[in-house]
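For what it's worth, our numbering labels the leading residue of the sequence shown as 145, then goes sequentially.
Before any comments, here is the structure.
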Amino acid sequence: MYRLWEQGHKVIIPHRISREDPLASRLFSHCFYSLMNRFSEVTYPDGGADLFFIDREVIDILNTRIHPINTASIAEVLRLGFDPYFYGYERPLGLNRSKSRWSFRKKLRLAKDTFFSSSTFPILLINRVGLFASLLSFGMIIFYLYITVFGNHEFWGLQVPGWVSIILFITFFGGIIMLSLGVIAEYIWRIYEEVKARPGYIIRRKEEDRKPRD
145 MYRLWEQGHK
155 VIIPHRISRE
165 DPLASRLFSH
175 CFYSLMNRFS
185 EVTYPDGGAD
195 LFFIDREVID
205 ILNTRIHPIN
215 TASIAEVLRL
225 GFDPYFYGYE
235 RPLGLNRSKS
245 RWSFRKKLRL
255 AKDTFFSSST
265 FPILLINRVG
275 LFASLLSFGM
285 IIFYLYITVF
295 GNHEFWGLQV
305 PGWVSIILFI
315 TFFGGIIMLS
325 LGVIAEYIWR
335 IYEEVKARPG
345 YIIRRKEEDR
355 KPRD
């Protein structure tokens with residue numbers, strides 16, 4: 145990685161081509177990186193990556209402008225906008241077969257923090273589910289009123305009067321509540337992004353103003 149840095153690469157990230165980890169670890173890793181690449185703002189290389197080699201310029205930006213908290217540092221490095229250099233490697237199972245201190249609980253916590261800090265998918269999911277439930281129940285309410293007024297009163301096959309209308313109205317207002325929570329979450333997410341104070345752009349080099357010629 146040092147030689148690649150000498151060639152001018154500011155961000156060098158090795159990614160795993162293959163790994164001899166237990167099956168559960170491989171499945172968890174595959175699910176995590178698939179979710180991140182599909183539903184987040186960060187694009188990981190195939191096989192995932194944990195290590196990186198970065199230039200002093202990138203380090204200064206991370207220390208002074210980003211302040212990564214409750215997330216993976218590599219996710220913040222990938223979001224900076226530098227062109228990363230990826231190269232693959234094979235990771236065999238280590239000779240030390242003792243139990244790792246990096247437990248599944250710690251992995252799950254890091255995955256959760258990293259995903260929620262860089263993805264709006266949960267908010268979009270709440271919005272879409274709430275909108276779908278509201279529209280579906282509203283359509284069923286219209287259909288119920290039409291059947292009740294112009295059609296067969298025994299269409300629903302229910303002996304309890306008012307049961308259908310109660311369920312439809314509960315579903316409708318439940319969808320409205322979910323949609324409202326999604327809208328509130330959108331505003332909170334924007335506040336969260338502003339509080340993190342990530343730079344909108346990065347100035348890589350400044351040139352001194354040239355004096356006009358006489």
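All residues carry an ideal CB built from backbone N, CA and C; glycine is no exception.
Predicted model only: the values in this text are computed from it and were never measured.
Here the alpha carbon of residue 219 sits roughly 13 Å from the alpha carbon of residue 198. Taking C-alpha positions only, residue 145 is separated from residue 153 by approximately 9 Å. With respect to the 8 Å criterion, residue 160 and residue 245 are not classified as neighbours on the basis of their beta carbons. With contact defined as three or more Cβ pairs closer than 8 Å, the stretch 200 to 216 and the stretch 270 to 281 are not in contact. Taking 8 Å as the upper bound for CB-CB distance, residue 258 and residue 215 are in contact here, some 5 Å apart. Beyond the five residues adjoining it in sequence on each side, residue 195 comes within less than 7 Å, by CB distance, of 158 in the same chain, given in chain order. Out of 308, 267, 268, 293, the CA that lies nearest to the CA of residue 284 is found in 308. Nearest to residue 329 by alpha-carbon distance, out of 222, 260, 341, 228, is 260. For residue 283, the uninterrupted alpha helix (DSSP H) segment begins and ends at 265 to 294. With a cutoff of 8 Å on beta-carbon distance, residue 233 and residue 156 are scored as not near each other. With a cutoff of 8 Å on beta-carbon distance, residue 186 and residue 209 are scored as not near each other. For residue 202, the three-state secondary structure derived from DSSP is helix. In this structure, 279 is the residue among 279, 339, 291 with its C-alpha nearest to the C-alpha of residue 317. Take the alpha-carbon of residue 336 and the one of residue 342: they are about 11 Å apart.
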